[in-house]
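Keeping their order, the protein sequence lines are chains A and B.
Residue numbers for the first sequence follow full-length UniProt numbering, so the first one is 1 and each next one is one higher.
Residue numbers for the second sequence follow full-length UniProt numbering, so the first one is 1 and each next one is one higher.
Glycine included, every Cβ here is placed at the ideal spot set by N, Cα and C.
See structure below.
There are 2 protein chains.
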Amino acid sequence: MTVWDRPEQPNRPVPLDRERIVAAAIALADEGGLEAVSLRKVAARLNAGPMRLYGFISTKEELFDLMVDEVQAEILPEEQPGDWREALRVLAHRTRQAALRHEWLADLLGGRPTLGPNGLAVTEAKLAALDGLADVDTVMRAVETVSAYFTGAIRREIANLRAERATGLSKRDWQRASGPHVTRMLATGRFPALAKAVYDGTDVDAEESFATGLDWVLDAVAAKLTRPLA
Amino acid sequence: MTVWDRPEQPNRPVPLDRERIVAAAIALADEGGLEAVSLRKVAARLNAGPMRLYGFISTKEELFDLMVDEVQAEILPEEQPGDWREALRVLAHRTRQAALRHEWLADLLGGRPTLGPNGLAVTEAKLAALDGLADVDTVMRAVETVSAYFTGAIRREIANLRAERATGLSKRDWQRASGPHVTRMLATGRFPALAKAVYDGTDVDAEESFATGLDWVLDAVAAKLTRPLA
DNA sequence: CTCATGTCGATACACTGTATTTCTCCAATA
DNA sequence: TATTGGAGAAATACAGTGTATCGACATGAG
């Protein structure tokens with residue numbers, strides 16, 4: 001048997017590791033959303049059988065955890081700004097940007113504790129930003145509050161974005177966008193405050209609205225920080 | 001053919017409507033989580049074939065929307081308190097309680113715009129609470145900020161609750177609970193602030209932590225409300 | 001060269017959401 | 001009254017899912 005009829009790598013399966021698997025899964029999710037991620041498709045993208053993955057992962061949920069942790073790495077800023085407020089703001093905005101790059105992140109955000117190395121690093125960064133500025137409990141409460149805010153805000157933003165995309169290209173105008181249904185509902189007069197908000201409200205862009213709410217929450221944190229130290 | 005051999009209701013299929021379908025789905029979800037809800041099981045619980053449901057629903061996602069809207073009804077308080085702050089606080093707490101009753105709600109919260117009748121009513125209640133206390137845009141921002149906070153907070157709380165439940169009965173102590181992994185990570189010294197938080201932090205119960213963060217956010221809202229009116 | 005070992009792929013299973021086809025029964029028409 | 005539509009329920013079908021199991025095979029040791 002000469003070199004010519006012998007396959008270059010006789011039956012050598014492609015090497016695999018978590019990194020490659022997660023990368024493939026993320027690529028799939030970026031293209032077609034979370035529900036486009038199936039173990040079969042991930043494996044196929046790596047020229048492997050589906051069962052191969054179970055050497056690195058024991059369940060699909062674990063794959064999701066790994067995906068989230070991978071994205072957390074994108075969130076950590078290269079250097080920590082001095083000001084606690086700036087630090088938290090940057091983390092919030094970078095999380096939002098990550099979610100805009102990987103919309104599926106919104107589906108997973110807050111869904112499970114993030115205990116991976118990068119997830120822990122992000123948490124560490126949040127806590128470190130406030131370290132020493134108040135007692136431990138206040139710091140934790142502050143971090144949790146800010147995180148809860150931007151988790152919720154990002155989820156809503158992505159949810160609206162998808163809804164708008166689905167109902168055709170309409171900016172934020174709810175009423176026409178989501179079809180006659182909301183318009184009809186508003187016309188019933190049962191939701192006066194909502195109607196006023198929809199009709200008289202300014203169409204403010206998502207990033208600004210995110211930033212505004214974030215600033216409010218940071219204001220609140222600031223108020224609680226100064227007190228216990230004085 | 002006499003009365004005796006004729007079946008009482010000859011082949012009459014069980015009457016069905018959305019209400020019944022949604023109730024069955026919610027029951028299933030309450031028992032076994034969202035992933036226990038399959039169209040086949042819902043239908044079976046109603047003595048019907050799976051395809052029967054498609055007369056009332058055109059996709060499974062719609063069923064989820066209906067489930068969420070149904071639960072929103074539980075959130076609306078019987079009477080609106082006078083104080084805006086109290087109103088928002090009550091709505092937040094009732095949402096949390098609903099999520100504790102129906103844990104699957106946490107998976108859906110903020111995932112899609114809530115355009116059903118009850119969802120709209122809840123939004124109306126939020127907006128109405130602040131109506132007239134500031135310009136429309138400020139009111140919207142306030143409502144969105146508060147909602148983002150408690151959406152995120154509830155999600156995290158349920159996520160932690162599940163994690164604790166999964167790792168055996170451990171209260172909040174993260175480190176031992178989630179196995180040796182976190183302990184080992186903390187021992188590396190790479191997460192000093194996190195370690196301090198975990199070891200020195202007080203074990204505060206979830207409701208109090210929720211309420212505290214909520215109060216902070218409401219403080220922030222209060223600060224923004226008074227200004228534009230003065 | 002033989003044999004054990006451990007890893008990979010194929011196969012299998014129970015289940016999913018949904019499209020399509022088949023059947024059944026009721027009501028209106030001839 | 002007999003027939004024939006037609007509607008709506010049911011059965012079947014399909015492509016796909018996560019995961020358990022099992023058989024084969026390449027590779028190392030003796």
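Contact between residue 122 of chain B and residue 63 of chain B is ruled out by a C-beta separation of about 20 Å, above the 8 Å threshold.
The beta-carbon of residue 144 of chain B is placed less than 8 Å from the nearest beta-carbon of chain A. Using a CB distance cut-off of 8 Å, residue 107 of chain B counts as an interface residue toward chain A. The beta carbon of residue 154 of chain B sits closer than 7 Å to those of 95, 96, 99, 106 and 109, all from its chain and outside the five residues before and after it, given in chain order. For residue 189 of chain B, the closest C-alpha among the options A:117, A:167 and A:200 is that of A:117.
Among the residues facing chain B, residue 85 of chain A is not included, as its CB has no counterpart in that chain under 8 Å away. Not flagged as an interface residue toward chain A: residue 104 of chain B, since no C-beta distance is shorter than 8 Å.
Burial check for residue 14 of chain B: the Cβ neighbour count within 10 Å stays below 16, so the residue is exposed. Exposure of residue 184 of chain A is indicated by the presence of fewer than 16 other C-beta atoms within 10 angstroms of its C-beta. Taking a beta-carbon distance threshold of 8 Å, residue 148 of chain B counts as an interface residue toward chain A. Under the three-state reduction of DSSP, residue 68 of chain A is assigned to helix.
Assigned with DSSP and collapsed to three states, residue 160 of chain B falls in helix. Counting along the chain, residue 51 of chain B sits inside no alpha helix (DSSP H), nor does DSSP assign it H or E at all. Taking 8 Å as the Cβ-Cβ cut-off, the region 45-64 of chain B has no residue approaching chain A. Cβ-Cβ distances below 7 Å link residue 60 of chain B to 39 in the same chain, with the five nearest sequence neighbours on each side left out; the list follows chain order. Taken through DSSP and simplified to helix, strand or coil, residue 191 of chain B comes out as coil. Residue 224 of chain A sits close to residue 216 of chain B, with the two beta carbons spaced by under 8 Å.
In the three-state reduction of the DSSP assignment, residue 147 of chain A falls in the helix class.
In the DSSP assignment, residue 123 of chain B falls within the unbroken alpha helix (DSSP H) covering 117-130.
Put simply, the backbone Cα of residue 28 of chain B is about 49 Å away from that of residue 83 of chain A.
By the CB criterion at 8 Å, residue 197 of chain A and residue 139 of chain B fall inside the cutoff. With respect to the C-alpha of residue 180 of chain A, the residue from A:162, A:167 and A:141 having the closest C-alpha is A:167. Of the residues assessed, residue 67 of chain B falls on the buried side of the cut-off, its CB having 16 or more other CB atoms within 10 angstroms. For chain B, the residues of the region 119-138 of chain A that bring a beta carbon within less than 7 Å of one of its beta carbons are 120, 123, 124, 127, 128, 131, 136 and 137, in chain order. 8 Å or more divides the Cβ of residue 26 of chain B from the Cβ of residue 74 of chain B.
Ranked by Cα distance from residue 204 of chain A, the first of A:221, A:157, A:218 and A:163 is A:157. DSSP places residue 114 of chain B in the coil class of the three-state scheme, outside both helix and strand.
Nearest C-alpha to residue 36 of chain A among A:57, A:104 and A:162: A:104. For residue 197 of chain B, the nearest CB of chain A lies under 8 Å from its own CB, placing it at the interface with that chain. Taking a C-beta cut-off of 8 Å against chain A, the contacting residues of the region 188-217 of chain B are 190, 191, 192, 193, 194, 196, 197, 200, 201, 202, 204, 209, 212, 213, 216 and 217, listed in chain order. For residue 113 of chain A, the nearest CB of chain B lies under 8 Å from its own CB, placing it at the interface with that chain. A direct Cα-to-Cα measurement between residue 201 of chain A and residue 220 of chain A gives close to 25 Å.
Secondary structure of residue 17 of chain B (DSSP, three-state): coil.
Closer than 8 Å at the C-beta level to chain B, one finds these residues of the region 150-161 of chain A: 150, 151, 152, 153, 155, 156, 159 and 160. Within the same chain, and ignoring the five residues on either side of residue 149 of chain A in sequence, the residues whose Cβ sits closer than 6 Å to its Cβ are 217. Non-local beta-carbon contacts of residue 213 of chain B in its own chain, meaning distances under 8 Å to residues more than five positions away in sequence, involve 149 and 153 in chain order.
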